[in-house]
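Beneath this line is the structure, given in structure tokens, with notes to follow.
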Amino acid sequence: MEMGDLLTAIALLLVIEGVLPAANPGALRRVFLQAAEMDDRSLRTVGLLSMGIGVLLLYWVRG
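For reference, each letter of the sequence shown is one residue, going -3 to 59 in my numbering.
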């Protein structure tokens, strides 16, 4: 992986993460409040699932 690929990935991450707060800040607050009420195991499971889907998507796209 080249440095340009890493910077591209970081830039896309920032763009994607900025969409919800820019488009609907109230929904983002509700999501954060729901996440704050979740137990650690559930949050960890959501995080691991997200990471797993991301890795599978990378393998599929980058082959």
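All residues carry an ideal CB built from backbone N, CA and C; glycine is no exception.
Collapsed DSSP secondary structure at D35 in the structure displayed: coil
I'd like to know whether the C-beta atoms of L24 and L16 end up nearer to each other than 7 Å. yes
Among residues of its own chain, excluding the 5 on either side of V57, which ones have a beta-carbon nearer than 7 Å to its beta-carbon? none
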